[in-house]
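**Student:** This is the structure I have questions about; it appears just below.
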Amino acid sequence: MEQLTLHPASLVRADLDHLREAGFSDADILGIVECAAYYAYANRIVDGLGVQLEE
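For the sequence shown, the working numbering begins at 12 and goes up steadily by one.
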(Lines of atoms letter the chains of each structure in order from A and count residues from 1; the text may use other names and numbers.)
(Lines give C-alpha, C1' and ligand atoms only; values in the text may rest on other atoms or scores of the structure.)
Protein backbone atom coordinates (compact mmCIF):
# COMPACT_ATOMS: atom_id res chain seq x y z
CA MET A 1 0.00 0.00 0.00
CA GLU A 2 1.66 3.15 -1.23
CA GLN A 3 -0.44 5.32 1.05
CA LEU A 4 0.69 3.36 4.11
CA THR A 5 4.32 3.86 3.12
CA LEU A 6 4.18 7.51 2.10
CA HIS A 7 1.39 8.95 4.27
CA PRO A 8 0.55 6.47 7.05
CA ALA A 9 -1.29 8.99 9.24
CA SER A 10 -3.73 9.72 6.41
CA LEU A 11 -5.29 6.25 6.43
CA VAL A 12 -8.91 6.09 7.51
CA ARG A 13 -11.48 3.33 7.87
CA ALA A 14 -12.73 3.96 4.32
CA ASP A 15 -9.31 2.93 2.98
CA LEU A 16 -9.70 -0.45 4.66
CA ASP A 17 -13.27 -0.71 3.43
CA HIS A 18 -11.99 -0.30 -0.16
CA LEU A 19 -9.65 -3.24 0.38
CA ARG A 20 -12.50 -5.34 1.76
CA GLU A 21 -14.66 -4.40 -1.22
CA ALA A 22 -11.81 -5.56 -3.48
CA GLY A 23 -12.04 -8.97 -1.83
CA PHE A 24 -9.34 -8.80 0.84
CA SER A 25 -10.15 -10.35 4.20
CA ASP A 26 -9.16 -8.78 7.50
CA ALA A 27 -6.35 -11.35 7.71
CA ASP A 28 -5.18 -10.31 4.22
CA ILE A 29 -5.21 -6.65 5.24
CA LEU A 30 -3.23 -7.44 8.38
CA GLY A 31 -0.64 -9.22 6.23
CA ILE A 32 -0.43 -6.27 3.84
CA VAL A 33 0.11 -3.82 6.70
CA GLU A 34 2.66 -6.10 8.38
CA CYS A 35 4.67 -6.47 5.17
CA ALA A 36 4.65 -2.73 4.48
CA ALA A 37 5.66 -1.97 8.07
CA TYR A 38 8.43 -4.56 8.06
CA TYR A 39 9.97 -3.29 4.82
CA ALA A 40 9.77 0.32 6.03
CA TYR A 41 11.49 -0.72 9.27
CA ALA A 42 14.17 -2.79 7.55
CA ASN A 43 14.93 -0.09 4.99
CA ARG A 44 15.29 2.56 7.68
CA ILE A 45 17.69 0.34 9.66
CA VAL A 46 19.80 -0.29 6.54
CA ASP A 47 19.72 3.37 5.48
CA GLY A 48 20.41 4.58 9.02
CA LEU A 49 23.48 2.37 9.28
CA GLY A 50 24.73 3.37 5.84
CA VAL A 51 24.80 -0.22 4.60
CA GLN A 52 26.01 -0.46 1.01
CA LEU A 53 24.47 -3.01 -1.34
CA GLU A 54 26.72 -5.54 -2.96
CA GLU A 55 27.28 -5.09 -6.68
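We put the CB at the ideal spot given by N, CA and C, even for glycine.
Since we're looking at a predicted model, the values are computed, not measured.
#1: Give me the Cβ distance between residue 22 and residue 30, rounded to the nearest whole Å; I'm assuming they're in contact under 8 Å.
#2: Give the DSSP-derived three-state secondary structure of residue 42 in the structure shown.
#3: Distance check for residue 54 and residue 20, CA to CA, integer angstroms please.
**Tutor:** On the basis of the supplied data:
#1: Reading the sequence shown from its first residue, position 11 is the one you call residue 22. Reading the sequence shown from its first residue, position 19 is the one you call residue 30. At roughly 11 Å, the Cβ-Cβ gap does not stay under 8 Å, so residue 22 and residue 30 are not in contact.
#2: Working through the sequence shown from its first residue, we reach residue 42 at position 31. Residue 42: helix per DSSP, three-state reduction.
#3: Within the sequence shown, residue 20 is the residue found at index 9, counting from 1. Within the sequence shown, residue 54 is the residue found at index 43, counting from 1. Distance between the alpha carbons of residue 20 and residue 54 is about 19 Å.
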